[in-house]
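Count the sequence shown with my numbering and you get residues 11 to 353, in order.
Glycine included, every Cβ here is placed at the ideal spot set by N, Cα and C.
First the structure, in the form of C-alpha cells, and then the observations on it.
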Amino acid sequence: MSKILVTGGLGYIGSHTVVELHNQGYEVVIIDDLSNTSLNVLESIHKITNSSIKFVELDLKNSVKTKEFVSSNKEIDGVIHFAASKAVGESVENPLKYYTNNLFSLTNLLNELKNLNKEINFIFSSSATVYGDPKILPITESEPIKKAESPYGNTKQIGEEIIKDLVNSSSNFNAISLRYFNPIGAHPSALIGELPIGIPQNLVPYITQTAIGKRNELTVFGDNYLTRDGSCIRDYIHVVDLAKAHIKSLEKLIKEFSKNYYDAFNIGTGKGTSVLELISCFESVSGKKLNFRIGERRKGDIAKCFADVSKANELLNWKSKHSIEDALLSSWNWEKHIKNEKL
Ligand code: UFG
C-alpha cells in the first residue's frame, strides 16, 4: 500500500482528496497548519471514512519542523501539495504573505523530499489563473502563460516552474501540476465542504449564504460582457471529481509514466456556465428564490474561462462525472449542515 502525504489536507479540496485516497486504499498522512481550517474537518473525515487518519499539525515554512517530519516519514511514496493561501485580493494587498506561504514552504518541502534520495511522485495544486485572459476557448494546456495578474497567480506560475526545473534536474522526482478551473460543491455526506472565513469571495458560497439568510443579497458582477446573457462564464467543477483527478494523476505517476515525468493538466468539465445560469440552476435544485441584483463589473474578471479537458481525459484516464445540478445541491446541503452544526 502506497503512503501518501497530503499537505493542506484539512482544506476544502484537500479534505475531499483525503477521503478519495482512503477509498482507493492508500495510507494517508495529513499535514496542515490550521491557518484556514480547523480540527472539526479531521473529525468529519474520520466519520466519513470510518477510520482514523494520521494528522500532524505543521507549518511548512518551519524548516526545522519540516525536516523532522520528513525524516520520520521516509516511507512516503507520493505527495499531494495543497498547502497554500488562495485569496486573490489578499495577495495583492499582502504579496509577501503569498510568496512566503506558497513558495518558501514549497521549496522547504521539496528540499527535504529530495534528501530522501528515493522516487517521489508529486502533485501540485495549480490554477487556471496561470492562463490569464485566454486567446482561444476552450483553453488548452498549450495556451501561452501570460504575466500573472496577482501575486497569488504568480505563485502558481512560479510553483509550476520550480517543480518542472526540479524534475529536469533530478533522477527521483515525477510530478504533475493540475490547473483547476472553478471548484464547487461538497461531499455527498454534507460533512465536509468549503468553509470561507468572513465574506465569501467566490460565487457559490456567496449564493448559498444568501439563500440561507446569512447575506442579504448577491451582487452579479456585470451583465454587459460579450457572452450569451451578458454575465461571466466559468467552468464549475464538482470538488469530488476534482479530488479524483489527483488520485488518477498519482496512479499514473506511480504505475505508468516514465521517470522524470512532468506535465500540467487542465481539470474542469469542459463546459462553460454563466453566473445567471448558475443562479437559475441553484434556484431550481434548492427550491429557493435567490435575492440578487446586477452590479458593476469586478476588477480583474475575465468574460469567459472554460477548459479543454481532452488531455486529462486521454492521458490521466479521468473525466468529470457530476453535473452542475449535483454540485449545487451538495453545496446547498453543506450550507444547511453548517447552519445546523453552527460551524
Ligand atoms: N461573481 C459574482 N458575484 C459574487 C462573486 C462572484 O457575480 O459575489 C462572479 C464573478 O464575477 C465571476 C464568477 O462569479 O464571473 C466566478 O467568480 P469566483 O470568484 O467564484 O471565481 P473566479 O473565476 O473569479 O476565481 C477563480 C478561483 C481563483 C482563481 C481565479 C482565476 O477561485 O482561485 O479563478 O482563474 F485565481
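Beta-carbon contacts of residue i that lie in its chain and below 6 angstroms, excluding the five residues immediately before and after
| i | result |
| --- | --- |
| Ile304 | Val230 and Asp233 |
| Lys174 | Tyr272 |
| His256 | Thr27, Ile90 and Ile133 |
| Ile41 | Thr17, Val66 and Leu68 |
| Val98 | Ser160 and Tyr162 |
| Ile312 | Asp143 |
| Tyr22 | Glu204 |
| Ser199 | Ile58 |
| Val102 | Ser160 |
| Leu15 | Val39, Ile86 and Val89 |
Spatial neighbours of residue i in its chain, beta-carbon cut-off 8 angstroms, leaving aside the 5 residues before and after
| i | result |
| --- | --- |
| Val29 | Ile55, Ile58, Thr59, His197, Ile202 and Ala253 |
| Val295 | Glu335, Leu338, Leu339 and Trp342 |
| Lys156 | Tyr141, Gly142 and Asp143 |
| Ser61 | His32 |
| Arg307 | Phe231, Gly232, Asn234 and Tyr235 |
| Lys262 | Ile186, Leu325, Leu326 and Asn327 |
| Leu300 | Ile217, Thr220, Ala221, Leu228, Ile289, Phe292 and Glu293 |
Beta-carbon proximity check, residue i vs residue j, cutoff 9 angstroms
| i | j | result |
| --- | --- | --- |
| Gly27 | Leu205 | Rather than Gly, the amino acid found at residue 27 in this sequence is Thr. Contact flag unset, no. |
| Thr76 | Glu129 | no |
| Ala185 | Tyr109 | no |
| Val39 | Asn83 | yes |
| Ser7 | Ser45 | Because residue 7 is not part of the residues shown, which for the chain are 11 to 353, the question remains open. |
| Gly19 | Ile86 | no |
| Gly169 | Asn125 | no |
| Ile289 | Trp328 | no |
| Leu260 | Asn178 | no |
| Phe314 | Glu151 | Checking the sequence, you will find Lys at residue 314 rather than Phe. No, these two residues do not count as a Cβ contact at 9 angstroms. |
| Ala93 | Leu120 | no |
Neighbourhood of residue i by C-beta distance below 7 angstroms, restricted to the same chain and skipping five residues each side
| i | result |
| --- | --- |
| Thr117 | Ile172 |
| Ser330 | Ile247, His248, Asp251 and Thr279 |
| Glu159 | Gly142 and Gly310 |
| Gly240 | Asp233 and Asn234 |
| Leu353 | Asn50 and Leu205 |
| Lys349 | Ile222 |
| Pro148 | Gly280, Phe316, Ala317 and Asp318 |
| Phe267 | Asn184 |
Residues bridged to residue i [DSSP beta-bridge criterion]
| i | result |
| --- | --- |
| Thr283 | Arg244 |
| Glu67 | Asp42 |
| His347 | None, per the DSSP bridge assignment. |
| Glu37 | Lys13 |
| His91 | Thr17 and Phe134 |
| Ile289 | In DSSP, Ile289 forms no bridge with anything. |
| Leu236 | BP columns for Leu236 are empty, so no partner. |
| Arg189 | Ser136 and Asn276 |
> Should the segment 138–151 be regarded as contacting the segment 175–192, the criterion being three or more beta carbon pairs within less than 8 angstroms?
Replying inline: yes
> So does the segment 162–171 actually touch the segment 207–218, counting three or more Cβ pairs closer than 8 angstroms?
Replying inline: no
> Quick check: the segment 280–291 against the segment 236–246, are there 3 or more CB pairs under 8 angstroms?
Replying inline: yes
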